[in-house]
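Note sheet for the following structure.
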């Protein structure tokens, strides 16, 4: 036995010594690859075992937590009404025990917070208030505040989300520094949280934010404003002097959406802004306000404007149906740009009486291209 | 004792409403998705149906149209949905839904609406 | 004898060096991809896509799906497209002169009538016969275009001309698209402050998965070996490579099965090219070239979420045709854009992406073939150094297995689609067998593709599919 091992080792040593470099390198690589492959397989199997254990455990906890919360909701009158905090906590603790929920365990607390948040979003009135009370009685707010101090931005962002959803007002000042954070995700979450939590001036941060506010970010801010329970919609023209162009674009959009008519003079100014995005946003806001102010400016700037701005102006005219722009629209039926011509035709079609009649009269005497465009505009099914 | 079918894919919401309606004194059956719901509707008669709109395998609107298109059927249906879009609400009523509540909603309000509908039918 | 020695030397050492070059680039890309994937998963771990869904300001999308002789499945496929989760979109089905009754079936199923639609012919195409809309407001999002047959690229171009929104999504009509695919694809476009000109999604193999009402309800590893090999190929390509290329901003290919594009740039670069069978790759390269030549900043982004499921070919005949077509598409694209090759004017694209595709995607199978032929020659002349030959072969084999294992690990740590008992074992078996059974065929098809290209044989590689609706 020893003999064979010895001769095998001997053979391998000899092999290595006599092998050309190609073989040496290849052999070394071969061994390395085999080792890494085996290691990978082990890691995969290991991770699957761990993950499936964790999943099972978490599913089990989630199941209990859900039962617990559904009891809290169904029996809210008995549990929460006309009782002192202390006696409520006692009742809650008894139910937690009954469902075998270990409230001191951090995973359990995380799952409980998560489930509580989800169901809280769906409910209103007394039940929502009682769930919020439950959140504070179990001191889940303290968990979130502690997480806010963690280094990981994701932990922070999630904590902010919890604090905002459960309306933990005293946390508002903790959020403030993050509203201009370099990390875009954290920054967005902090701004959303701030809007929800600050009861007097929820949009303060717009005054000093100098980081980007991407369109995605703007969508989420808008969603937050739309759902905000305290219902504050500020005069967005306040921040139109910002040096941050993203703030300007966002405010222009909001002015349009919330039809803030007192900002019209600002819109007139911004529709001639050198930046095309801002220009178009201002024109779009005018369109939303359905105001005829701005028509004169739009008419004078049209000929020298770029295509995007031209399109925005024609869209604006489609909405307001002002008699004063009719000749202009008729002229632009013959615009070389197909889309602009089509928009002009649609705008004319939008005039309840005369516009449509004009298009129909024009129809027989047009060339092929114009014929198609007018037919398209007249077809209300498209 | 009135028999209610509750269709909702959020398990916690389903449980909470089930407990609550049982406490109000009704018999409650539940379905977590459209397929189970369709089977239950085929084989049982309910006094009232509460359904979500965005559920797996069928839309709540399909359930309304199925229940309402059955000859001689008078089972009232309440829609309980996170979708509050004007077009969806109108479509639901056009299909014959008797009531529409948008989440977030007040549980006590649902309880009152259920009682009212059961009384009038 | 002297020339022979050089050749022999080149053969043994050359193969090793080429192999090491390829292997290290794979490893580097893999590591980089892994890192990027972790970043992506982290930042999207708690995203609420609902805000895009409900917002009145989220961008509108035109979905463009060309269809050719799909009568058996088209009605069902349109129905599942209609149920995609998105606020503001239109679905344009382009019937590319089908010889079957696709159009009639659509007209009947969706109460279609012809409308006076003025097509803005920004990209020249074959003639449009008619455009249809539904009389039922429930199908208001649907636009059906009937046109003369002109191939997939031409059909897509017609769709672009008809589309009314600034973002377009081009898809294969017979793929299963996840319901929130549009939400996820549009997010980079909203999120990046640079201009995103294109977003690509992952394609997954749907064979043996359970499909109900146009939706994947249970993911399963395919029962047959051929699709199984492709599962591994797709995992490797999408998880190990593309994420890294996306981060380097050097991604050249967005699969024709699912991609979101900035329409203005597509039109400015001329739309899909109907002279190549690789129109999906060619378009991305041309768009990138356009941006570089006009000195515009831009990004092409890729999303690792499994968003699109396709039925992979389950016979060698059809798979062979597909791979043959892919090879020709790659070669044609590289040839059309040969000016970019090693050209620093195109930045990383010119000095890294295009050469990478040239050497590793196009040239590698050819080198492999010649290596093998030379080995056989040596074998017959009795000059083969068996020791070197076998050890090289074994080394390359273990590398391939390692790469596949790492891909499986990535899959396990990210999306974990194959969770049935035994799936892992089967996947590793596939990794062990693939280099021996599947890979030689891939090389063969690639070679045949090049031969067909040279001899000018046009084979459009029509896909014959059983279709999901029949299951």
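Chains as they are written, first to last, in our numbering: chain U, 1 to 382; chain X, 1001 to 1121; chain D, 2001 to 2471. Where is the CB? At the ideal position from N, CA and C, for every residue including glycine.
Within the same chain, and ignoring the five residues on either side of residue 1031 (chain X) in sequence, the residues whose Cβ sits closer than 6 angstroms to its Cβ are 1007, 1037 and 1040. A distance below 6 angstroms between beta-carbons, with the five flanking residues on each side excluded, links residue 2219 (chain D) to the following residues of its chain, in chain order: 2209 and 2417. Listed along the chain, the chain U residues whose CB falls inside 7 angstroms of the CB of residue 2394 (chain D) are 30. Taking 4 residues as the shortest admissible run, the region 2260–2322 of chain D contains the following complete alpha helix (DSSP H) segments, listed from N- to C-terminal end: 2263–2268 and 2279–2293. Using beta-carbon distances, residue 2042 (chain D) counts as an interface residue toward chain U, with a partner under 7 angstroms. When secondary structure is reduced to three states using DSSP, residue 258 (chain U) falls in the coil class, being assigned neither helix nor strand. Within a 10 Å sphere around the beta-carbon of residue 2353 (chain D) sit 16 or more other beta-carbons, which makes this residue buried. Judged by beta-carbon spacing, residue 2022 (chain D) lies beyond the 7 angstroms limit of residue 2341 (chain D), meaning their Cβ atoms are not closer than that value. Sequence-distant partners of residue 1052 (chain X) (beyond 5 residues in either direction) whose C-beta falls short of 7 angstroms from its own C-beta, in its chain, are 1007, 1008, 1009, 1060, 1080 and 1081. Interface with chain D (7 angstroms Cβ-Cβ cutoff): residue 233 (chain U) is excluded. When DSSP states are grouped into helix, strand and coil, residue 150 (chain U) belongs to the coil group. Using a Cβ distance threshold of 7 angstroms, residue 175 (chain U) and residue 190 (chain U) count as a contacting pair.
Restricting attention to X:1112, X:1069, X:1028 and X:1107, the CA atom closest to the CA of residue 1094 (chain X) is found in X:1069. Three or more Cβ pairs drawn from the region 177–195 of chain U and the region 213–223 of chain U lie within less than 8 angstroms of each other, which places the two stretches in contact.
Contact between the region 2291–2309 of chain D and the region 2172–2181 of chain D is present: 3 or more CB-CB pairs across the two stretches fall below 8 angstroms.
Of all residues in the region 1050–1062 of chain X, only 1057 come within less than 7 angstroms of chain D when Cβ atoms are compared, listed by chain position. Beta-bridge analysis with DSSP links residue 2133 (chain D) to D:2113 and D:2143. Identification of chain X residues near residue 2174 (chain D) by a Cβ-Cβ cut-off of 9 angstroms yields none; the smallest Cβ-Cβ distance measures about 22 angstroms.
In the DSSP secondary-structure assignment, residue 1029 (chain X) is bridged to X:1005. From the listed residues D:2230, D:2116 and D:2141, the smallest Cα separation to residue 2110 (chain D) is found for D:2141. Here residue 287 (chain U) is buried, its C-beta having at least 16 other C-beta atoms within 10 Å.
Taking a C-beta distance under 7 angstroms as the contact criterion, residue 351 (chain U) and residue 321 (chain U) qualify as a contact pair.
Contact annotation: the region 56–64 of chain U touches the region 104–123 of chain U, with at least three C-beta pairs closer than 8 angstroms. For residue 127 (chain U), at least one C-beta of chain X is nearer than 7 angstroms to its own C-beta.
Under the criterion of beta carbons closer than 8 angstroms, residue 2159 (chain D) and residue 2126 (chain D) do not qualify as touching, at roughly 12 angstroms. In this structure, residue 311 (chain U) and residue 343 (chain U) form a Cβ contact; the two beta carbons are roughly 7 angstroms apart against a cut-off of 8 angstroms.
Distances from the CA of residue 2261 (chain D) to each of D:2391, D:2196 and D:2204 were compared; the closest alpha carbon is that of D:2196. At least 7 angstroms separates the CB of residue 96 (chain U) from every CB of chain X. Within the DSSP secondary-structure output, residue 1055 (chain X) pairs in a beta bridge with X:1058. In the DSSP assignment, residue 2212 (chain D) falls outside any alpha helix (DSSP H) and within the unbroken beta strand (DSSP E) covering 2210–2212. Any Cβ of chain D closer than 7 angstroms to the Cβ of residue 185 (chain U) would place that residue at the interface, and such an atom is present.
DSSP assignment within the region 145–227 of chain U yields the following whole alpha helix (DSSP H) runs of 4 residues or more, N-terminal first: 153–165, 172–175, 184–197 and 215–227. Taking C-beta atoms as the reference points, residue 2116 (chain D) and residue 2071 (chain D) fail to come closer than 7 angstroms. Interface residue (Cβ-Cβ distance to chain U less than 7 angstroms): residue 2388 (chain D) is classified as such. Chain order gives the chain U residues near residue 2424 (chain D) as 44, 45 and 48, where near means a beta carbon separation below 8 angstroms. The region 2320–2328 of chain D makes contact with the region 2445–2452 of chain D: 3 or more CB pairs, one atom from each, lie closer than 8 angstroms.
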